[in-house]
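Here's the structure, in structure tokens; my notes come after.
There are 4 protein chains.
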Amino acid sequence: MGDQRIGILTSGGDCPGLNAVLHGVVSAAQRRNWEVVGFHEGFEGLLPPGSFEILTAESIRGIMPTGGTFLGTTNKGHFTPRTGWGDRNPSLAAELLQKARETFQTLGLAGLIVVGGDGSLLTALHLSEDGLPIVGVPKTIDNDLEATVITFGFDSAISCVMESLDRLRTTTSSHRRVMVVEVMGRHAGWIALHGGMAGGADAILIPEIPFRAERLAEVVVERTQRGCRGTLIVAAEGAAPRDGRQVRSQTPSGETRLGGIGDWIAREISERTGQECRTCVLGHLQRGGVPTAMDRNLGQHFGVRAVELIEAGDFGKMVSFQNDHTVAVPIAQAVHRLRRVSPGSEFVRTARELSIAFGD
Amino acid sequence: MGDQRIGILTSGGDCPGLNAVLHGVVSAAQRRNWEVVGFHEGFEGLLPPGSFEILTAESIRGIMPTGGTFLGTTNKGHFTPRTGWGDRNPSLAAELLQKARETFQTLGLAGLIVVGGDGSLLTALHLSEDGLPIVGVPKTIDNDLEATVITFGFDSAISCVMESLDRLRTTTSSHRRVMVVEVMGRHAGWIALHGGMAGGADAILIPEIPFRAERLAEVVVERTQRGCRGTLIVAAEGAAPRDGRQVRSQTPSGETRLGGIGDWIAREISERTGQECRTCVLGHLQRGGVPTAMDRNLGQHFGVRAVELIEAGDFGKMVSFQNDHTVAVPIAQAVHRLRRVSPGSEFVRTARELSIAFGD
Amino acid sequence: MGDQRIGILTSGGDCPGLNAVLHGVVSAAQRRNWEVVGFHEGFEGLLPPGSFEILTAESIRGIMPTGGTFLGTTNKGHFTPRTGWGDRNPSLAAELLQKARETFQTLGLAGLIVVGGDGSLLTALHLSEDGLPIVGVPKTIDNDLEATVITFGFDSAISCVMESLDRLRTTTSSHRRVMVVEVMGRHAGWIALHGGMAGGADAILIPEIPFRAERLAEVVVERTQRGCRGTLIVAAEGAAPRDGRQVRSQTPSGETRLGGIGDWIAREISERTGQECRTCVLGHLQRGGVPTAMDRNLGQHFGVRAVELIEAGDFGKMVSFQNDHTVAVPIAQAVHRLRRVSPGSEFVRTARELSIAFGD
Amino acid sequence: MGDQRIGILTSGGDCPGLNAVLHGVVSAAQRRNWEVVGFHEGFEGLLPPGSFEILTAESIRGIMPTGGTFLGTTNKGHFTPRTGWGDRNPSLAAELLQKARETFQTLGLAGLIVVGGDGSLLTALHLSEDGLPIVGVPKTIDNDLEATVITFGFDSAISCVMESLDRLRTTTSSHRRVMVVEVMGRHAGWIALHGGMAGGADAILIPEIPFRAERLAEVVVERTQRGCRGTLIVAAEGAAPRDGRQVRSQTPSGETRLGGIGDWIAREISERTGQECRTCVLGHLQRGGVPTAMDRNLGQHFGVRAVELIEAGDFGKMVSFQNDHTVAVPIAQAVHRLRRVSPGSEFVRTARELSIAFGD
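Residue numbers (our numbering), protein chains in the order written: chain G, 69 to 428; chain X, 69 to 428; chain S, 69 to 428; chain W, 69 to 428.
This is how it looks when you write it as structure tokens:
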């Protein structure tokens with residue numbers, strides 16, 4: 069295979085390790101004398117005349133230790149469900165596909181690497197099914213994609229949670245306070261579970277194990293009675309009480325965190341126990357920062373493998389990590405299947421042995 | 069001066085460097101063959117029969133790199149204004165003073181080191197005026213005590229702000245978002261100013277410079293038009309709009325941060341510019357964590373000096389830092405005088421040269 | 069199974085995550101109302117009358133975020149090969165076993181958890197074969213035990229290497245220098261490979277792939293000619309040139325690092341290329357520090373599992389991690405089998421795609 | 069003053085905060101509509117035809133949190149004493165001055181900001197005395213320039229020392245070892261003193277207080293007898309024993325650290341006490357890494373002030389920091405005067421109160 073040109077884009081929420089993927093892609097492409105076109109702001113960059121830049125070892129020098137994505141990203145735009153892209157608006161879908169095809173032809177792309185999560189991989193699948201040479205790289209900071217055991221970003225996120233708990237532990241302990249720390253995880257509790265356990269949380273609330281505010285209050289009281297210095301509770305943003313009560317009054321845009329689960333829990337505990345209870349919402353802190361060694365290495369691996377898939381002409385596939393090796397799986401297999409915490413899993417069992425309460 | 073026994077307590081909100089003070093006190097006392105009594109939970113530990121433990125080099129081994137306070141603290145309790153302690157309730161004040169005096173006599177204390185902020189130093193002053201041998205060490209994470217140029221905790225707090233901005237910068241930039249980061253500082257903007265400048269904030273809002281939401285929105289729009297990738301706004305919790313509108317609907321206990329200034333600003337900008345705008349409230353993260361080198365060194369210095377003041381019988385004084393040296397100033401001089409950011413100061417001028425907007 | 073008493077000791081070189089194991093053991097034991105005896109300085113603590121303390125949740129409060137081991141350790145002492153313990157001195161071995169047995173009986177230990185590496189697990193095996201109720205937890209910062217895919221300490225070590233490379237990269241780049249960073253790994257190159265890749269090393273030298281100084285010098289020259297700003301070389305301490313020349317002049321005690329492989333390589337490159345070449349030996353920095361989230365979680369898992377093995381009476385086994393789960397394997401299977409980097413493995417292949425030179 | 073063009077160069081060893089200076093200069097220049105020419109590799113970039121690039125807010129985006137210098141630097145080259153530049157070789161000096169003048173004229177520079185230490189400021193002084201419009205910014209990671217109380221880089225360096233001691237403490241303590249940590253400071257002990265004190269060193273050796281190996285060995289033995297877990301000794305690279313014995317066998321190039329003071333001390337202690345004693349040479353780790361908040365703020369301040377000096381036509385001056393304010397002092401006053409630790413200073417006295425030994 070002679071000199072050629074490939075493209076790459078990063079789509080959806082940002083995530084530590086994205087720049088390591090870019091580093092891997094550009095390095096592997098360079099060894100093959102391929103040119104790499106980096107599209108800006110996710111799929112939006114594909115719209116003619118195309119918004120992109122040529123990526124070289126020099127232009128991306130020093131990006132690996134940085135968070136975010138050099139190329140920019142968006143979780144809005146034309147290619148998202150809100151435009152009706154996909155099933156709901158076939159004519160728009162056809163139009164966007166046609167535009168993407170144009171950009172491929174104009175630039176002479178031999179392949180496009182799409183780095184994205186659930187939704188972005190679905191878009192990638194549409195492009196692929198339309199005949200475009202697509203290769204996927206899974207991106208999910210929540211680590212909730214069924215098709216890969218682990219992906220980059222997750223380790224950095226739980227490190228952020230752990231470091232925050234280390235910080236909050238001393239103040240909680242000095243004042244004998246109760247603190248609720250709200251972390252990412254709308255549908256899966258991986259970040260709360262792994263981050264909370266590493267940070268020595270006293271209770272961890274996850275979407276997969278509905279909790280009872282009453283039980284949680286008991287845990288706090290028991291700890292106080294035993295003389296424990298404060299209580300640290302980690303709650304995934306998707307954690308929910310067992311009785312299904314509505315705890316969140318979101319604005320239509322879903323952009324405000326007022327009345328998030330953390331505040332709700334803090335209020336409940338405060339009212340039930342009479343103890344001072346504070347909330348800390350980690351929010352976007354979890355998405356930024358210097359990526360951990362694991363995330364940089366996973367990112368680089370995935371980037372290199374994606375180039376190899378293009379070289380092999382193995383399109384419509386996504387890089388995945390299983391049994392300590394990277395493998396290629398059909399993109400179709402990856403989308404819309406969430407990996408959730410099993411309440412009976414070894415990890416949850418260990419957490420219970422560590423006297424971590426789940427509020428159930 | 070032969071072998072004797074001294075006491076120490078930490079009072080008020082916790083602060084990185086408190087354990088370094090303890091380390092300094094215990095080290096200097098040990099060289100004099102003095103015994104150190106560490107009282108628990110601030111002044112509360114003074115109430116008979118006294119809640120305390122003997123501090124030795126061995127018992128506090130390894131505490132210097134940790135946040136919080138080994139002794140525990142409280143910003144409630146009997147000796148705070150809410151009980152009417154002090155001027156408002158003379159009979160209670162007399163009773164508490166008598167109890168403290170009892171503990172001094174029972175334990176045979178040659179001196180007591182009080183590490184605390186504004187309010188705690190006022191209590192220390194009362195005890196001192198009542199004839200008890202008191203020495204003060206200033207503790208204010210906000211760095212807003214007039215009597216000392218710098219004190220421990222502040223550098224760790226601005227490091228936390230800076231690191232958080234480093235984290236948020238990449239995600240803000242990847243998504244071209246506006247982010248409002250709410251930091252400590254009810255009455256003085258030091259943390260917002262120094263932390264924001266170090267973290268490369270695009271705008272900094274402080275209590276000393278009332279801002280206009282309209283002007284802030286203009287800044288955001290101008291930046292977008294110039295092609296800047298996102299805007300990072302740091303707001304001290306005490307920042308307030310120029311028109312004095314009520315921006316905060318606090319609960320009576322003042323403990324909830326719902327409707328804090330950060331959220332208010334985010335809403336204002338979002339409505340005025342149509343751009344997505346998120347809030348991140350750093351809160352207690354700023355009080356914890358591994359203290360910086362400066363805070364550990366200041367803390368140790370202050371602890372050693374406090375012991376020397378007791379040795380010299382120089383009571384009613386507080387350790388202070390001025391012109392690169394520690395000095396002793398009357399406690400009376402330290403309380404109730406806030407050091408605030410001067411809008412015309414060199415630091416603000418530099419910030420403006422860095423194109424940091426103050427929204428004025 | 070009623071209330072009982074178990075023991076634990078940490079042996080060999082220290083390693084981040086040891087305190088997490090202690091945390092896991094004490095937590096799981098506490099739930100069973102078991103008492104935990106923590107022996108000091110590895111196996112030495114077993115010698116009558118025994119040097120130990122009772123571990124409780126309170127006594128080990130706050131140790132999880134700290135490096136080292138709360139119990140102390142040694143890589144010397146009576147139970148090491150240097151005393152001829154084991155095969156070489158059967159009478160000494162018999163005597164030591166008898167002493168250990170005495171301590172077991174005096175204290176009424178229902179089981180002993182030995183946390184240690186290769187050598188310590190061999191000692192554990194001897195004790196087990198002698199009929200004592202032993203359970204092993206593998207500890208190898210180098211990640212070179214065949215019986216477990218991963219163990220605690222390794223991730224913290226590669227994080228240290230990565231952070232050091234991040235630091236050195238800027239100075240190397242500013243001055244266009246060559247820097248050789250010597251890292252741990254006498255027999256296996258895992259730390260050099262994973263840490264170097266995460267830190268963006270330009271060359272990685274490992275024991276498993278003998279290098280040629282000549283080739284390394286070529287890499288440096290090529291990079292200079294291409295305009296690269298400096299070259300970062302990571303060398304495992306056990307890396308060796310292909311021609312087998314003696315590069316190290318160790319003292320009998322093996323304790324000095326003068327003339328280590330890093331210095332040798334720096335001299336070779338400097339002489340062959342005329343370029344300034346510095347060395348940095350990370351040494352013990354890699355063993356300390358705050359353990360990463362992964363290492364804390366692995367440590368806690370292993371500690372809990374070890375208690376469960378004792379509960380099940382499953383002695384002579386070691387906790388191990390395989391296919392994302394913990395399993396129990398015979399200790400006999402774990403000792404004396406090193407897991408080394410395969411030169412043809414996926415990881416090495418990815419590194420080559422990233423243009424990392426191995427000097428071969 | 070209308071639109072104009074100014075230059076900046078960074079010279080000598082690299083130092084955290086250099087990029088913050090660049091950030092400050094470019095920001096302040098941009099507000100004045102000035103163009104900034106950044107010269108590469110220190111003064112070398114001045115040699116015709118000039119090696120430089122135009123610095124804009126966009127081109128230096130994101131550099132503030134990074135170590136090193138965006139512009140590159142050198143501590144060799146034509147303008148250093150080794151070429152005889154200056155007094156020793158007047159004809160060379162005249163030739164280089166002429167070349168620099170040419171570049172100034174060709175580019176039409178209204179001023180040049182030189183960021184450098186002792187030696188580089190001397191070169192700047194020569195250029196200034198030759199009539200070129202020069203402004204200086206002091207750069208000394210050792211904090212040993214008489215003309216400024218503090219400069220950027222120092223706080224980052226002592227943070228690195230402190231963090232390294234935090235790491236080494238746990239391993240030293242677990243194994244009850246003696247560890248000698250060699251840090252920067254050939255002529256002044258500021259880094260050893262401040263970094264060692266923050267990191268809880270048990271002994272600190274600095275050039276200003278000659279030590280006795282015999283006394284140091286006594287300290288180690290006393291600590292062992294008191295049951296202390298290990299001993300951490302911090303030694304400035306310029307520390308020297310009182311009897312003036314030769315401890316260092318440097319190569320002519322001075323580039324090897326074999327036989328540095330750290331190794332010498334370790335050998336002495338080991339021989340005198342029989343205890344295991346290791347060395348760790350921090351070396352270049354101290355120069356890199358993410359700059360601290362203080363260093364970023366000092367750097368930005370200095371950069372802004374330097375632009376203001378050019379604006380005011382106040383050439384031949386250097387920005388300096390005294391009594392919490394920046395001031396301008398004649399460059400002539402800054403060079404060749406070292407600020408050293410006074411053995412009788414408050415800081416040393418505090419260290420002694422903390423039971424830190426100086427070996428004297």
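Glycine residues also receive a C-beta, built at the ideal position from the N, C-alpha and C atoms.
- Neighbours of N391 of chain X in chain W, taken as residues at a C-beta separation under 7 Å, are given in chain order as N391.
- In this structure, the beta-carbon distance from V248 of chain G to A269 of chain G does not fall below 8 Å.
- By the beta-carbon neighbour count (other beta carbons within 10 angstroms, threshold 16), L377 of chain X is buried.
- Relative to the Cα of G295 of chain S, the nearest Cα in the group G:A96, G:E126 and G:D71 belongs to G:E126.
- Distance check between I399 of chain G and each of G:G187, G:A88 and G:I128 places G:G187 closest, using alpha-carbon atoms only.
- Pairing F222 of chain X with V416 of chain W, the inter-Cα distance amounts to about 24 Å.
- With its beta carbon less than 8 Å from one in chain S, R99 of chain G belongs to the interface.
- S:L123 is the residue among S:D155, S:L261, S:Q72 and S:L123 whose C-alpha sits nearest the C-alpha of V105 of chain S.
- The CB of S242 of chain S comes closer than 7 Å to the CB of D82, G136, T137, G140 and T141 in chain W, given here in chain order.
- For the set X:L190, X:G185 and X:F370, the Cα lying nearest the Cα of D210 of chain X is the one of X:G185.
- Residue burial is scored here from C-beta neighbours: A380 of chain S has fewer than 16 other C-beta atoms within 10 angstroms and is therefore classed as exposed.
- C228 of chain X carries a helical assignment under DSSP once its states are collapsed to helix, strand and coil.
- Taking the Cα positions, V182 of chain W is about 10 Å away from L193 of chain W.
- Flagged as an interface residue toward chain S: R355 of chain W, by a C-beta distance shorter than 8 Å.
- Its chain contains H369, F370, R373, V387 and S388 as the residues whose beta carbon lies nearer than 8 Å to that of T394 of chain W, once the 5 sequence neighbours on both sides are disregarded; these appear in chain order.
- Secondary structure of R297 of chain G (DSSP, three-state): coil.
- Here DSSP, grouped into helix, strand and coil, assigns Q98 of chain X to helix.
- Using a CB distance below 7 Å, no part of the segment 85–97 of chain G faces chain X.
- Considering only beta carbons, no part of the segment 178–196 of chain S lies closer than 9 Å to chain W.
- For R340 of chain S, the closest C-alpha among the options S:T148, S:R283, S:L366 and S:T299 is that of S:R283.
- Annotated as distal: E103 of chain W and S119 of chain W, with beta-carbon spacing of 8 Å or more.
- Between E276 of chain W and R405 of chain W, the CB-CB gap reaches or exceeds 8 Å.
- Taking C-beta separations shorter than 7 Å and ignoring five residues to either side along the sequence, the partners of I202 of chain G in its chain run L180, V182, A192, L195, S196, F383 and G384, following chain order.
- Among the residues facing chain X, M386 of chain W is not included, as its CB has no counterpart in that chain under 8 Å away.
- Chain W has no Cβ within less than 8 Å of the Cβ of T292 of chain X.
- Bounds of any beta strand (DSSP E) do not take in G328 of chain X, whose DSSP letter is neither H nor E.
- Looking at the DSSP output, G106 of chain W bridges to W:I76 and W:E121.
- As a beta-bridge residue in DSSP terms, C348 of chain W pairs with W:V249.
- When DSSP states are grouped into helix, strand and coil, Q354 of chain X belongs to the helix group.
- Take T148 of chain W, set aside five residues on each side of it, and the residues of its chain with a beta-carbon closer than 7 Å to its own are G187, in chain order.
- Here the segment 332–351 of chain G lies against the segment 238–258 of chain G, with 3 or more beta-carbon pairs under 8 Å apart.
- In the three-state DSSP reduction, L139 of chain G falls in the coil class, being neither helix nor strand.
- Taking the beta carbon of R364 of chain S as reference, the chain G residues within 9 Å of it are M230, M265, A266, G267 and G268, listed in sequence order.
- The three-state secondary structure of G367 of chain S, taken from DSSP, is helix.
- Annotated as distal: S224 of chain S and T141 of chain S, with beta-carbon spacing of 8 Å or more.
- For the pair A97 of chain G and V375 of chain G, the CB atoms are nearer than the 8 Å cut-off.
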